[in-house]
Amino acid sequence: MTLSSTNRNPQLNKHGELTHLLSIEGLPCDMLTRILDTAIPFTEVAEREVKKVPLLRGKSVFNLFFENSTRTRTTFEIAAKRLSADVINLNINTSSASKGETLLDTADNLAAMQADMFVVRHAASGAPYLMAQHLAATGQNHIHVINAGDGRHAHPTQGLLDMYTIRHYKRDFTQLTVAIVGDVLHSRVARSQIHALTTLGVPEVRVIAPKTLLPGGVERLGVRVFNDMKEGLRGVDVVMMLRLQNERMQGALLPSAQEYFKSYGLTMDKLALAKPDAIVMHPGPMNRGVEIESAVADGTQAVILPQVTFGIAVRMAVMAMLAGA
Amino acid sequence: MPIKLPDAEALCQILADQLRPHVDLAHTALVGIHTGGAWVTERLHAMLGLHTALGVLNVSFHRDDYNQRGLHANTQTSHIPFETEGAHIIIVDDVLYTGRTIRAAMNELFDYGRPNKIELAVLADRGGRELPIAADFCAHTLNLPTAQMLELERAPDGTLSFRLTDK
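Following this line, the structure appears as structure tokens:
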């Protein structure tokens, strides 16, 4: 079975409403815009005396993390709690899966506990799709699935919060040049960003990486490829850095962290080639001195911490849209 | 028989006259419910010459029909630019109907603090209440069948008018 073998978009219900968030790929521009619009009023909830709204009161959200993550899990937990949901965190690599329970058995068991929403992080690409299809096949359409990162495939809420951040600072997607820099090959974040940027009408999306960290045929996603970072950064409005995972150093893909920093680390000197008002983004956690220089990370053009804050609002909006569908 | 709709501009004037002896220019705060209530609030604020900042409420987060209808697409952010703790607040809306919007608005306000007093001012009360809520200030009352919606509109030049539509 391939992901594209389903006839209709499994993310939308028969009324065209978002019922699962599995991938940005396949969502139309107006749906992405709608999610970004819906997130706007949620940004303000964090500034109130009472940082909570009752939309998901009485609902149970299960964070199913089959792969380690502290940051993403925490932001989903905060988002669900600010919507008044009950949140149950399951770190499955230390639980049932290690005892041999399958993904779908886990889903069925939690469904029997009256779950309303699954937030799924899994090392295998397509795991959240499998879960959503299983729920549909077993008549459990009232349970919603959010992909919190699956293998190398997608990390849609990260892509959406990045789009929210870009729109917040740059307003109009259709005038922008955006560069994505780093380990595109292994990055689900990069895939979600590329799909979101092209769907929202960004006229020029660039990827900047060494040949060893680029997937074959990446140009087919509608991006311009640069192997020279200085060339790629020239005149861009937005620089989106990717995290370099340390384990990549162990293979033959990269010489050393120092070498990588020299060629692909974002320094003040290289950033000067972008537009003077260019913003710098990073999905975190950052490797200072590997993909980004501290002076840039802490500089005036960095919007890395606002990304985190906007991420809560975007996740609240997605959860509220799904639970209301 | 077509129902004759009241003149919204005249009602703003009537409502301002009702409120004038009652408000403290330095302390009473007006909060309008997005969108029609916010338009009326802007008018009243200018007519009364209040010194307090005006607030706006988006009640989507507290609506009781979320489970039936989902989240209403609404990009307007609630904005309460004053200390609500201990404040005298008048919630302003264009049309009072079931009372459910007003309940949601009060819940929303309480997320910012505990006001000393909340009152309700509306341009028109069309009947059909489903909750024990009444307006303290009301410029016009009329009875409309449930199949009809009374909505406030704002023309490009800022003129307010009522429109009757079928649900």
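Line by line, the protein sequences give chains A and B. All letters in the first sequence, in the order written, are residues 1 to 325 by the numbering used here. All letters in the second sequence, in the order written, are residues 1001 to 1167 by the numbering used here. All C-beta atoms in this analysis are idealised placements derived from N, C-alpha and C, irrespective of residue type, glycine included. On a predicted model such as this, the values are computed, not experimentally measured, just so you know.
1) For a cutoff of 8 Å on Cβ pairs, would you count ILE292/A as touching chain B?
2) Quick one: is LYS270/A buried, meaning 16 or more other Cβ sit within 10 Å of its Cβ, or exposed?
3) Can you give me the Cβ contacts of ALA1016/B inside the same chain, cut-off strictly under 7 Å, excluding the 5 residues immediately before and after it?
4) Can you pull the chain A neighbours of PHE1061/B, defined as C-beta to C-beta under 8 Å?
5) Please confirm whether LEU1071/B has its beta-carbon closer than 8 Å to some beta-carbon of chain A.
6) For GLN245/A, which of PRO210/A, PRO276/A and MET286/A has the nearest alpha-carbon?
7) Comparing alpha-carbon positions, which option in HIS134/A, THR165/A and MET229/A lies nearest ALA274/A?
8) According to DSSP, simplified to helix, strand and coil, what is ARG1154/B?
9) In whole angstroms, what is the alpha-carbon distance linking MET1106/B and ILE1118/B?
10) Could you tell me the distance, in whole angstroms, from the CA atom of ASP1065/B to the CA atom of ALA1073/B?
11) Does the distance from the C-beta atom of VAL119/A to that of MET131/A stay below 8 Å?
12) If the cut-off is 8 Å on Cβ atoms, which residues from the segment 1027-1060 of chain B count as contacting chain C, listed in chain order?
13) Can you find at least 3 beta carbon pairs, one from the segment 172-186 of chain A and one from the segment 113-127 of chain A, that sit closer than 8 Å?
14) Based on the DSSP output, what are the partners of GLY1055/B in its beta bridges?
15) Distance, Cα to Cα, VAL1023/B vs LEU1096/B?
16) Using the C-alpha atoms, what's the distance from GLY299/A back to LEU1160/B?
17) Mind the definition here: the segment 1085-1093 of chain B touches the segment 1110-1128 of chain B only if three or more C-beta pairs lie below 8 Å; say whether that holds.
18) I need the boundaries of the beta strand (DSSP E) containing MET240/A, first residue and last residue.
19) Alpha carbon to alpha carbon, what distance is there between ALA115/A and ALA1008/B?
20) Kindly say whether THR1141/B, judged by its beta-carbon, lies nearer than 8 Å to any beta-carbon of chain A.
21) Tell me, please, whether the segment 304-320 of chain A touches the segment 1131-1138 of chain B by the rule of three or more beta-carbon pairs shorter than 8 Å.
22) Between which two residues does the alpha helix (DSSP H) containing LYS341/A stretch?
23) With a cut-off of 8 Å on the beta carbons, I'd call LEU1057/B and VAL1031/B a contact; round off their distance for me.
24) Cutting at 7 Å between CB atoms, please list the residues of its own chain near ARG1020/B, excluding the five before and the five after it.
25) In whole angstroms, what separates the C-alpha of ALA209/A from that of GLY265/A?
26) So is GLN175/A buried or exposed if we call it buried at 16+ other beta carbons inside 10 Å?
27) So what's HIS122/A in DSSP terms, helix, strand or just coil?
28) How would you call LEU103/A, buried or exposed, if buried means at least 16 neighbouring beta carbons within 10 angstroms?
29) Contact between the segment 69-86 of chain A and the segment 302-315 of chain A: three or more CB pairs below 8 Å?
30) Any C-beta of chain B sitting closer than 8 Å to the C-beta of ALA329/A?
31) Within the 8 Å Cβ cut-off, does GLY311/A reach chain B?
32) Let me confirm a value: SER23/A is counted as buried when at least 16 other C-beta atoms fall within 10 Å, else exposed. Which label applies?
33) Can we count ALA1046/B as close to the ligand FAD, meaning its CB is less than 7 Å from some heavy atom?
34) Please compile the residues from chain A whose C-beta is within a distance smaller than 7 Å of the C-beta of ASN1074/B.
35) With MET281/A as the anchor, note down where its beta strand (DSSP E) starts and where it stops.
36) With 16 as the cutoff for other CB atoms within 10 Å, does GLU219/A come out buried or exposed?
In this structure, then:
1) No, ILE292/A does not count as interfacial toward chain B.
2) Answer is buried; the Cβ neighbour count reaches 16.
3) The answer, listed in chain order, is LEU1044, MET1047 and LEU1048.
4) Against chain A, the beta carbon of PHE1061/B has neighbours under 8 Å at PRO41, VAL45, VAL53, PRO54 and LEU55, listed in chain order.
5) Output row for LEU1071/B: interface = yes.
6) Taking only the C-alpha atoms, the option nearest GLN245/A is MET286/A.
7) Per the Cα distances, MET229/A.
8) ARG1154/B sits in a strand when the DSSP states are folded into three classes.
9) Looking at the two C-alpha atoms, the distance is approximately 8 Å.
10) Taking the straight line from one Cα to the other gives about 14 Å.
11) When the beta-carbon positions are compared, VAL119/A and MET131/A stay at least 8 Å from each other.
12) Checking the listed chains, one finds no chain C in this structure; the protein chains it contains are A and B.
13) Not touching, per the Cβ criterion.
14) Residue pairing of GLY1055/B in beta bridges, as defined by DSSP: VAL1031/B.
15) Distance between the alpha carbons of VAL1023/B and LEU1096/B is about 21 Å.
16) Their Cα atoms are separated by approximately 48 Å.
17) Flag = yes, the segment 1085-1093 of chain B and the segment 1110-1128 of chain B touch.
18) Residues 238-241.
19) Roughly 49 Å between the two C-alpha positions.
20) Closer than 8 Å: no.
21) No: fewer than three Cβ pairs fall under 8 Å.
22) Residue coverage of chain A in this structure runs from 1 to 325, which leaves residue 341/A outside it and unanswerable.
23) Your pair LEU1057/B and VAL1031/B checks out as a contact, with CB atoms roughly 6 Å apart and the cut at 8 Å.
24) Closer than 7 Å at the Cβ level, and outside the excluded window around ARG1020/B, lie LEU1048.
25) If I take the Cα positions, the gap works out to 10 Å.
26) When all chains shown are included, GLN175/A counts as exposed.
27) Three-state DSSP puts HIS122/A in a strand.
28) Per the 10 Å Cβ criterion, buried.
29) Judged by Cβ distances under 8 Å, the segment 69-86 of chain A makes contact with the segment 302-315 of chain A, as three or more pairs qualify.
30) Coverage of chain A is limited to positions 1 through 325, which leaves residue 329/A absent and any answer about it impossible.
31) No, GLY311/A does not count as interfacial toward chain B.
32) In this structure SER23/A is buried. Its beta-carbon is surrounded by 16 or more other beta-carbon atoms within 10 angstroms.
33) Absence of the ligand FAD from the depicted structure is noted, as is the absence of any ligand whatsoever, leaving it without description.
34) Result: PRO41.
35) Residues 279-281.
36) GLU219/A should be labelled exposed.
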